[in-house]
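Have a look at the structure below before the remarks.
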Amino acid sequence: MEFTQAELTEAKRQIDSTLHKLRETVKTLSEKENPARYKSQITLAQRRIQAFELAVSLIEEKLN
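For what it's worth, my numbering labels the leading residue of the sequence shown as 75, then goes sequentially.
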């Protein structure tokens with residue numbers, strides 16, 4: 075499947091925005107009074123961060 079430069083650039087922009095929100099979520103949950111209570115949500119967010127970072131890397135490869 076082929077994508078235009080504009081489509082790839084927009085996808086990267088959207089993923090970067092989501093990554094920022096996920097990182098803030100992890101930070102917020104980790105700083106709560108009892109972060110162990112939010113362990114599953116933190117783990118899920120961290121796994122999503124890794125997946126989105128991989129996607130960004132692949133998009134950047136394709137753009138170059």
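Every residue gets a Cβ at the ideal spot worked out from N, C-alpha and C, and that includes glycine.
Taking the alpha-carbon positions, what's the residue 87 to residue 116 distance?
Position 13 of the sequence shown, counted from the start, is the residue given in the question as residue 87. Position 42 of the sequence shown, counted from the start, is the residue given in the question as residue 116. Spanning the two alpha carbons is a distance of roughly 23 Å.
For residue 99, which of 131, 83, 138 and 118 has the nearest alpha-carbon?
The count along the sequence shown starts at 1 and reaches residue 99 at position 25. Per the Cα distances, 118.
Report the three-state DSSP secondary structure of residue 78 (helix, strand or coil).
The sequence position of residue 78 within the sequence shown is 4, counting from 1. Residue 78: coil per DSSP, three-state reduction.
Taking the alpha carbon of residue 114 as the reference point, which residue from 103, 107 and 124 has its own alpha carbon closest?
For the purposes of this step, residue 114 is taken as the residue at position 40 of the sequence shown. Of 103, 107 and 124, the smallest CA-CA separation from residue 114 is found for 103.
Three-state secondary structure (DSSP) at residue 127?
On the sequence shown, position 53 is the one that residue 127 refers to. In the structure shown, residue 127 sits in a helix (DSSP, three-state: H, G or I).
Taking just the CA atoms, how far does residue 92 sit from residue 122?
Locating residue 122 in the sequence shown gives position 48, counting from the first residue. Locating residue 92 in the sequence shown gives position 18, counting from the first residue. So the alpha carbons of these two residues sit roughly 10 Å apart.
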